[in-house]
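> Note that our numbering has the first sequence beginning at 10, numbered continuously upward. Even glycine gets a Cβ: it sits at the ideal position worked out from N, Cα and C.
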Amino acid sequence: MEKLILIDGNSIIYRAFFAMPPLTNSAGQHTNAVYGFTNMLLRLIQEQQPSHILVAFDAGKQTFRHEGYKDYKGGREKTPPELSEQFPMLKELLDSFGIARYESEGFEADDIIGAVSKRADEEGRQVLVVTGDKDMLQLVSDRVQVALTRKGVTEVEPYGYAEIQERYGLKPEQITDLKGLMGDTSDNIPGVPGIGEKTALKLLHQFGSVEEVLARTDELKGKMKENLVNHAEDARMSKQLATIHREMPVERSWEDMAFAGLTEDKAAPVLRKLEFKSLLERLSFAAEGGAASDGQGERRAEEALDIRICTEDNLGELLEALSAVEALHIETNGDNPHQAEVVGITFSSQRMYYFVSYDLLKKEAAAPLANWLGDETISKSGYDLHRADLALHWHGIPFAGAAFDVSIAAYLLDPTGGDQSLSALADKYGLAPIASDESVFGKGAKYKLPEEEALGLHLARKAAVIAKLVPLQQEDLEKNGMSKLFFDLEMPLSRILADMEKQGIAVNREDLQQLGTEFQEQINKLVTQIYEIAGTEFNLNSPKQLGEILFDKMQLPVIKKTKTGYSTDADVLEKLAPYHDIVQFILDYRQLAKLQSTYVEGLLKEIRPETGKVHTFFRQTITATGRLSSQYPNLQNIPIRLEEGRKIRKVFVPSEPGWHILAADYSQIELRVLAHISGDERLKEAFLHEMDIHTKTASDVFGVPQEQVDSNMRRSAKAVNFGIVYGISDYGLSQNLNITRKEAGQFIEQYFAIFQGVRKYMDSIVKEAKRDGYVTTLLERRRYLPEINASNFNLRSFAERTAMNTPIQGTAADIIKLAMVRMVEALSERKLRSRMLLQVHDELVFEVPEDELELMTRLVPEVMEKALELSVPLKAEVSSGNNWYEAK
DNA sequence: GCGTTCACG
DNA sequence: ACGTACGTGAACGCC
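Structure (structure tokens):
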């Protein structure tokens, strides 16, 4: 008789973790949850004699991160790292047992179990679902049984029709009704207030279903009736949430799930590594490894590598091997690559690994090696070569020829994939494991280089992993249709970014200091006034102390609270301003204090004395959408909206006398992208006719001619347009416009009634995300949304808004990146001296010699507008002056 | 190290 | 019943 055991992996490992006492192996890894899981598994196998087994997991690391987030919202503990670290071990163990496991981006273990059990049921097979989650009881049928864990985890209690009837007096399909009424705090299912298990069961015994209860509330009375009437929708939705979807495409055949029993050669090494001696005995496996054991048997099976620690004497070997180098790794220290030291370089060449220390690299004897590094005709594969390039540059060693950067590939393949270190990538691709940097170097203040031998080994392992990753990632990129994005856009861009960063942008130190003096005078005045009104001195920078003054001492009304106390953010202070003069002073203080600490003092610290410039570091592998980010300093958030802050821009000047700063920005690029991808005729019309998009939107939504749109209507329309781009919600819009949620909802409804193409796009992109588990941009940049089918309302809603926003923000990011690549080509073709310095999401900043100003004023917007052809025109506006302030 | 606030697109 | 507009980085207070 064939029998399938379907295990809810997440549910069981959680329970095992909390049920078992702490347990670690000699490597210091926690193993208690894996131990509990394995015990349960072996017992099930013995008792049930299954022919097939499948363990289902929630997909991806994100799930656990967001479970932490959800728990946090629910006021519970985060997933402890002692548990997180056990997931990879469990998966390795299952593989070694020959047990199939299944996780699929965008789906939860519930979905997998629901769908697999349904199919098996239809095929007439016996199924036992093992879980700690009572919701699963809804899956019970003639052929499907559900085993719930008891107190511990190794014991389970099987439920069929009879047991559910006996325990609850319900049929399996009524389990969702039960949840609909009583809710479930751990899953964030609300249910109906005041109704717990007892009341819910009574109601269901009387009426049979949620729908029937709600239809016949006239037969009830009192508070319960009131709650049911008022929360009818909650009840319906809760039932929906508790319903397991059983329709996902199952990408496992029956044969894939076959279980043939354990074999010692596969299972024993993993059990030994975990140091599960009692289990080894129970299975009659040897507790010590066989012939393979080499005294390191208990450690992870890191690969033995053939390593040369290079010296002046043996450097010739490496020089000969250079022509066959598959990968190199350039290790740097510190976060800021402009200040980093080069720790050492390793090379992988035909299964030999060479380590070169920085000291050796700087010696005359290594000149051929330095030449090789700087030869742009030699293609190089590595990890974070952009960072390496900068570090080498400041030590006088040119680097060129970056052709395949494993960190960028990993980012494109999963921009929100969490830890993208080489150690994590080795795990992910099933390569020989390598130690984490933290374990080799320590972190923070404890960072310390190990002995050269150990250092060389660790860095050689990195080079080895890079060499192996390259073909694997190349294949994955190809599979995802991202090869062009990688080779023709991101890799060229990474080289361009390094050039921009080395170039830097000049800052007038004296002017900046002068500005600081002016700010400080104003700050001093404000502080005096505020202390006087408050009647006491306190730390104005402490929201806690400020809150005590405003709300306890002065008794101003509390508008909003944070987790830790009173909120004092600008939103709140603006609402309090009418009550007391002090509030405006505080707002002004905040503004100036921000400018002073972040932009005057912060920027001064970043000016490099040698160049008189600031050299930001653009990060290419951070954002979820494909945008860049900027650090040390962040030059993508220099003030502009308020005049006081905008003055900061005056200190950003050309680095050569007589040159100009030229800035060009895309006009409404995100709404134009939306017009293109949604195909909305009205939106397209607006851009084809060069209309003011917010006025046009107001005119359409309020049904008045454009001439009659007043400033308030335009302001509302602008907020709606922003909201649309962000993945609109009535709540968000209401916050932004300071109106009620209902009014915001009406705005949105009116908008969608006019821009129907946009509504269709929003609906279809969410559907697409639910089907595929990811969304893409025009250039096939991809973002996975594992929570798009979550049963938790907040997680799911967030993913839905992300599904709407990411293709828009991401495509805009694609476009300006394309423009940057084309711009550099255009500059070099025309042999111009102008330099591209900064990118600020929809803006490019250049420094331009006088005699190129006219040409650049035409060329830059032209290149930007032609970067990608859409069904609406792209528009770029250009301007120039003696500094960034004037280039507006 | 986390939370709050605020600067930008 | 729940609480978010999307995407970032830096400074500061506080534990």
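What's the C-alpha gap between W403 and K372?
Going from the Cα of W403 to the Cα of K372 covers about 16 Å.
> For a quick check, are the C-beta atoms of K180 and D144 less than 8 Å apart?
no
> Are the stretch 248-263 and the stretch 205-216 touching by the rule of at least three beta carbon pairs closer than 8 Å?
no
> Per DSSP, what are the beta-bridge partners of Y363 in this structure?
According to DSSP, Y363 bridges with R317, F356.
> Run the CB neighbour count on L864, radius 10 Å, all protein chains shown included, and call it buried at 16 or more, exposed below.
exposed
> To the nearest angstrom, how far is the alpha carbon of V784 from that of F764?
22 Å
> In chain order, which beta strand (DSSP E) runs of at least 3 residues are fully inside the stretch 626-712?
626-628, 638-640, 669-675
> Can you pull the DSSP bridge partners for M845?
F855
> Just to confirm my understanding: we take L637, look at its own chain, exclude 5 residues before and 5 after, and list those with CB closer than 7 Å. What are they?
F627, R628, Q629, Q848
> Let me check one thing: in DSSP terms, what residues is S218 bridge-paired to?
None, per the DSSP bridge assignment.
> To the nearest angstrom, how far is the alpha carbon of Y735 from that of A821?
13 Å
> Around the C-beta of S503, are 16 or more other C-beta atoms found within 10 angstroms, so that it is buried, or is it exposed?
buried
> Three Cβ pairs or more, each shorter than 8 Å: is that satisfied between the stretch 612-623 and the stretch 509-524?
yes
> Tell me the DSSP secondary structure of S743 in three-state form.
helix
> Please check the pair D578 and E852, which I expect to be a contact at CB under 8 Å, by giving their CB distance rounded to whole angstroms.
Contact doesn't hold; Cβ gap of about 27 Å is too wide.
> Going by beta carbon distance, what residues of the same chain come within less than 6 Å of V887, once the five residues before and after it are set aside?
A673, T866, V869, P870
> Would you mind working out which of I733, L99, I204, R810 sits nearest T40, comparing C-alpha positions?
L99
> Relative to the C-alpha of N747, which candidate in V713, D772, Y770, N721 has its C-alpha closest?
N721
> Is there contact between the stretch 822-839 and the stretch 799-808, where contact requires at least three CB pairs shorter than 8 Å?
Three or more beta-carbon pairs separated by less than 8 Å are not found between the stretch 822-839 and the stretch 799-808, which leaves the two stretches without contact.
> By DSSP's criteria, P167 is part of a beta bridge. Which residues make up the other side?
A156
> Kindly indicate which three-state DSSP category T785 falls into: helix, strand or coil?
strand
> CB-CB under 7 Å to D423, same chain, minus the five flanking residues each way: which ones, in chain order?
For D423, same chain residues with a beta-carbon under 7 Å away, outside a window of 5 residues either side, are Y793 in chain order.
> Within its chain, find whatever has a CB closer than 7 Å to the CB of M29; leave out the 5 residues flanking it on each side and keep chain order.
N41, A42, Y44, G45
> Kindly indicate the opening and closing residues of the beta strand (DSSP E) around Y793.
791-793
> Less than 8 Å between the CB atoms is what I'm expecting for L292 and L271, so what's the real figure, rounded?
7 Å
> Please state whether the Cβ-Cβ distance between G916 and Q605 is less than 8 Å.
Nothing can be reported for residue 916, as the shown portion of the chain is limited to 10 through 897.
> Taking just the CA atoms, how far does M257 sit from L237?
Between L237 and M257, the C-alpha separation is close to 33 Å.
> Look at the alpha carbon of R470 and the alpha carbon of N345, and state the distance between them as a whole number of angstroms.
24 Å
> According to the Cβ coordinates, are V139 and S126 closer than 8 Å?
no
> Between G123 and L148, is the Cβ-Cβ spacing less than 8 Å?
yes
> Specify, as a first and last residue, the run of the beta strand (DSSP E) that H240 falls within.
Run containing H240: none; DSSP gives neither H nor E here.
> Measuring straight from C-alpha to C-alpha, what distance separates R74 and K282?
Residue confidence is low: R74 scores 32 on pLDDT, short of 50, so the model does not pin down where it sits. No coordinate-derived value is stated.
> Would the stretch 359-378 and the stretch 315-331 be scored as touching if the rule is three or more Cβ pairs under 8 Å?
yes
> Can you tell me whether P900 is buried or exposed? The criterion is at least 16 other CB atoms within 10 Å of its CB, across all chains shown.
A query on residue 900 cannot be resolved here, the shown segment of the chain reaching from 10 to 897 and no further.
> Beta-carbon within less than 8 Å of Y168's beta-carbon, same chain only, minus the 5 sequence neighbours each way: which residues are those?
L146, V149, Q154, V155, A156, L157, R176
> Check whether the Cβ atoms of V609 and F661 sit closer than 8 Å, and answer yes or no.
no
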